[in-house]
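Working notes, beginning with the structure itself.
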DNA sequence: ACTCTCTATTTTGAATGCAAAAATGATCCA
DNA sequence: TGGATCATTTTTGCATTCAAAATAGAGAGT
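Chains as they are written, first to last, in the working numbering: chain Y, 62 to 282; chain W, 62 to 282.
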């Protein structure tokens, strides 16, 4: 089995929330499940630790990284910065074809919004933002963005999507698309920052689904 | 020996240019030198591959990542974005003490500049930028910045530092410090972008020291 | 009954061993 | 002499094994 595959599969397990944040990662169990030995598993865990998804405790095993409110704030801040950068770069380089694709994703997303399909809406939302990042034509940026968004998604926060918020988000997305079509880098950068700031406010206000560690609470004296 | 230590030591070896970009990483040799077995070494290599410093070729070993001009451009773009973000955040959060430290680093750097000490000048330069990033108080940002700058430094480009360029860089640093003291986030962000753009132009114009792979050239048919 | 300590078990971290793939080079043929 | 093919050696990737550390548990002492 390829090393990369193991990393990918464990990453998925973590992103799916199958192992909740803070919970211990059962080495032996995962080995059996993936039908590999501990060597490649441990290699994968080290890589994921470098990515920030796993926390290694010397001689005490590895845990799914636990994200504090501060961590989430930090991640959103960086995400915001990366998207703003991507927006500026994308305006310089994006092709008409790529714009059309993003426009299509936007249209699909609006449709899902009208139908009230939250899951599909999120998917479309993600497609738009990833489209912009890809259009920046900078693989380094793409990689960092993927890493940061993965960690954010990991938190599996539940945003109470009020109609007002949906409407705001859709409006902002329209503005984003508009700026892209006008190739207005600075304008897009500002919109993206505002957009993400709104999203961050939602998230932090709601708090994110603090999935319990699958362990007994600490005995406090 | 701690796993982290191995990663750090190999990273240093790579950053020192001891293994030139594109060159094969001699597994056996490194094992002997670090007095470890292949297991922790390979773990470290996988981590460094995730960081982008090492390139893994299935069944063909690992090589020190080779950076193309495009890679360098991409890295500089992202570095620029991260610094701009850091500057904005730093203006909101930086303490007088931190400003004083950066001011001290700046003063020291100017002194080295006057003395023509390039090495120390670079060191001071780095201290200033790292100071700003740290002042942003965002560990996620700090981590990504460290990773990106490490890869850039890895390239060991040789910039022909003309007096004009030095003067420009020093002037820009003064402006940076000034904006920080005024807590002018937007202004600082712009200065940092311009500053890095200048630096990037130098680098790309000069080309970077394309250290030869320590291998015979490919036999071309 | 509670806690402390000492031992046994489990788990982690690293070394070694083994099979498969690639690189090397030696031989054979045109 | 040049090139191709096959055997040998080396290297890679993973499994297994082993020592050390941590955890859990039993027993003794207060």
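Built from N, CA and C at the ideal position, the CB exists for glycine as well.
The CB of residue 156 (chain Y) never comes closer than 8 Å to any CB in chain W; the least such distance is about 18 Å. Here residue 250 (chain W) carries a helix assignment [DSSP, helix/strand/coil]. Residue Y:105 holds the alpha-carbon nearest to the alpha-carbon of residue 92 (chain Y) among Y:256, Y:105, Y:125.
Interface annotation for the stretch 107-128 of chain Y against chain W: 107, 108, 109, 110, 111, 112, 113, 117, 119, criterion Cβ-Cβ distance under 9 Å. Annotation: the continuous beta strand (DSSP E) that includes residue 122 (chain W) extends over 122-125.
If you keep only unbroken alpha helix (DSSP H) runs of at least 4 residues inside the stretch 143-180 of chain W, you get 157-176. Close to chain W, meaning a Cβ-Cβ distance shorter than 7 Å, are the following residues of the stretch 171-202 of chain Y: 199, 200, 201, 202.
DSSP, read as helix, strand or coil, puts residue 85 (chain W) in strand. Between residue 78 (chain Y) and chain W, the shortest Cβ-Cβ separation is not below 7 Å. For residue 169 (chain W) and residue 165 (chain Y), the gap between their C-alpha atoms comes out near 54 Å. Around the beta carbon of residue 247 (chain W), fewer than 16 other beta carbons lie within 10 angstroms, which makes this residue exposed.
Residue 140 (chain W) is not a Cβ neighbour of residue 249 (chain W), given a cutoff of 7 Å. Within chain W, the residues 201 have their CB atoms less than 7 Å from the CB of residue 136 (chain Y), given in chain order. The beta carbon of residue 162 (chain W) is closer than 7 Å to those of 192 in its chain, skipping five residues each way along the sequence. With respect to chain W, the C-beta atom of residue 104 (chain Y) has a partner C-beta closer than 7 Å. At least one CB atom of chain Y sits nearer than 7 Å to the CB of residue 205 (chain W).
Going by DSSP, residue 114 (chain W) is part of no alpha helix (DSSP H) at all; its letter is neither H nor E. With a threshold of 7 Å between beta carbons, residue 142 (chain W) makes contact with chain Y.
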